[in-house]
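Worksheet: one structure, shown below.
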Amino acid sequence: MLRITVIAFLSGIAIGALAWHPPNVFAVLWLLPVLWPMFSRRGRLALAVGYFASALSSVPLAVMDFYTHQAWVLAPVLAIGAVLVSGGALMLAAMVRTHTGLAWALAVLACAVPPLGAFGMASPLFAATAAFPGWGLAGLGLTFVLMMGLASRSLGRPLSAAALAVLAPLAWAGYHPAPSPAHWVGMNTASGHSPHTAMAWVDRQVALRNQVLRKLSTLPSGSVLLTPEMIGGQWNGLAAIAWAPVAQAARTRGVTVLLGDTLVTPHGKLDGFLALGRHTGVLSARQPIPVTEWLHGYPAHWWRFGPAHVGHTPVSLIVCYEQLLVWPVAWSFMTAHPPTLILAPSNHGWAKPGLDENKTQNNAARAWARLYGRPLVVANNVHLHDSRHVTQSTSLK
Numbered sequence: 001m002l003r004i005t006v007i008a009f010l011s012g013i014a015i016g017a018l019a020w021h022p023p024n025v026f027a028v029l030w031l032l033p034v035l036w037p038m039f040s041r042r043g044r045l046a047l048a049v050g051y052f053a054s055a056l057s058s059v060p061l062a063v064m065d066f067y068t069h070q071a072w073v074l075a076p077v078l079a080i081g082a083v084l085v086s087g088g089a090l091m092l093a094a095m096v097r098t099h100t101g102l103a104w105a106l107a108v109l110a111c112a113v114p115p116l117g118a119f120g121m122a123s124p125l126f127a128a129t130a131a132f133p134g135w136g137l138a139g140l141g142l143t144f145v146l147m148m149g150l151a152s153r154s155l156g157r158p159l160s161a162a163a164l165a166v167l168a169p170l171a172w173a174g175y176h177p178a179p180s181p182a183h184w185v186g187m188n189t190a191s192g193h194s195p196h197t198a199m200a201w202v203d204r205q206v207a208l209r210n211q212v213l214r215k216l217s218t219l220p221s222g223s224v225l226l227t228p229e230m231i232g233g234q235w236n237g238l239a240a241i242a243w244a245p246v247a248q249a250a251r252t253r254g255v256t257v258l259l260g261d262t263l264v265t266p267h268g269k270l271d272g273f274l275a276l277g278r279h280t281g282v283l284s285a286r287q288p289i290p291v292t293e294w295l296h297g298y299p300a301h302w303w304r305f306g307p308a309h310v311g312h313t314p315v316s317l318i319v320c321y322e323q324l325l326v327w328p329v330a331w332s333f334m335t336a337h338p339p340t341l342i343l344a345p346s347n348h349g350w351a352k353p354g355l356d357e358n359k360t361q362n363n364a365a366r367a368w369a370r371l372y373g374r375p376l377v378v379a380n381n382v383h384l385h386d387s388r389h390v391t392q393s394t395s396l397k
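In terms of UniProt numbering, the sequence shown is residues 1 to 397.
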């Protein structure tokens, strides 16, 4: 019995490592429901614990980079909490004796949608991105149903395996990558973390403003320029004055700049993007980072369905942490007029070079774009010493 439990635990570790560390082979997630009914309750628990511990093993490293002073306390606490909350439902489902497929399905669903979905990193439903490119919500729903069948001990298991073997090749045979969006450009930066002094902040803002102005001068009328998350800091009167030349230049050229800012509203702060130039308005994230951003006054918007809009163009905005979750991008496609492209801005200026989180988020965003059959525009800020990964603009198929 102990030997089987160890095998289950090691299997979970291997699957988590392959799926959630670069190059992020999300196809291996299909092995989780396949292995699920093959083990006893203890084995299934070991499989789930091993998987989430491995998948989220970069969390303590990220915490140590982000919280340099309290890291020795916060890193283990947040790492253990992430594993228990993200995988708690599946761990409980492991202890169900019968109806293993139904228990699996309910647990995976609970971890994929709010409120538990706010913490739902490493969802097995990411397997949809590897099996059903271009099928969107239908592919996501089909993955849920097929995984439930694979995790059962009934006739549904071989039927689901057969269906997957037929439908996945059909999906890939009919898949054509979305063409790059005309005149949508993401601007990457290497500005590092937020400065701690007023003078350093002014210097950085001037440098960023000049970088945006230089980029604007190369863009044709009708373009949209996406900047990294929170790159403009907190938006206030002084910030408006500092960025006024960008707004004026954008209007003159007929270009829209989506400037990443912290926006203060009567209902709390927004991890948002202020549209300057040809189009105006505010776009914002649905899900701030749990606990850390909640404590700083960033509310979640769990039941906001449909896309954001830049002018008349519907877009799916998935900001940084949201790229690792199932529901934010899915919610934006639950409408009669779905998004025509996906915007994936982020900010890893606090992360030391070599941290997996940056690449994993980027690969996750690419995977969602593939599943939903939409072009992807990314914009990221990285560490000052990680500029080798920065290109001037990024627009991906």
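In this text, a Cβ means the ideal position worked out from N, Cα and C, and glycines have one as well.
Taking a cut-off of 8 Å on C-beta distances, the segment 184 to 197 does not touch the segment 236 to 247, as fewer than three cross pairs fall below it.
Counting along the chain, residue 119 sits inside no beta strand (DSSP E), nor does DSSP assign it H or E at all. Taking a C-beta distance under 7 Å as the contact criterion, residue 63 and residue 82 do not qualify as a contact pair.
Taking a C-beta distance under 7 Å as the contact criterion, residue 317 and residue 330 do not qualify as a contact pair.
Residue 267 carries a coil assignment under DSSP once its states are collapsed to helix, strand and coil.
Classified as buried, residue 91 has 16 or more neighbouring CB atoms from the shown chains inside 10 Å of its CB. Between the alpha carbons of residue 22 and residue 363 lies a gap of roughly 8 Å.
Considering only 312, 339, 293, the residue with the shortest C-alpha distance to residue 321 is 293. The DSSP-derived three-state label of residue 52 is helix.
Taking a cut-off of 8 Å on C-beta distances, the segment 91 to 107 touches the segment 147 to 159, as three or more cross pairs fall below it. Proximity of the segment 326 to 341 to the segment 300 to 314 meets the contact definition, three or more beta-carbon pairs being nearer than 8 Å. Taking C-beta atoms as the reference points, residue 263 and residue 275 fail to come closer than 7 Å. Annotation for residue 313: no alpha helix (DSSP H) segment contains it, though the beta strand (DSSP E) segment containing it runs 313 to 317.
The three-state secondary structure of residue 281, taken from DSSP, is strand. Under DSSP, residue 344 shares a beta bridge with 378.
Within the DSSP bridge table, the entry for residue 203 names no partner. The C-beta distance from residue 350 to residue 66 rounds to 5 Å, short enough to fall under 8 Å. In its chain, beyond the 5 residues on either side, 160, 163, 164 have a beta carbon closer than 7 Å to the beta carbon of residue 146.
By the beta-carbon neighbour count (other beta carbons within 10 angstroms, threshold 16), residue 221 is exposed. Counting along the chain, no alpha helix (DSSP H) covers residue 302, and no H or E run does either. Between the beta-carbon of residue 256 and that of residue 277 there is about 5 Å, and that keeps the pair under the 8 Å contact cut. By the neighbour-count criterion, in which a residue is buried when 16 or more other Cβ atoms sit within 10 angstroms of its Cβ, residue 143 is buried. When the beta-carbon positions are compared, residue 227 and residue 344 stay at least 7 Å from each other. By a beta-carbon distance limit of 8 Å, residue 7 does not contact residue 32. Their separation comes to about 14 Å.
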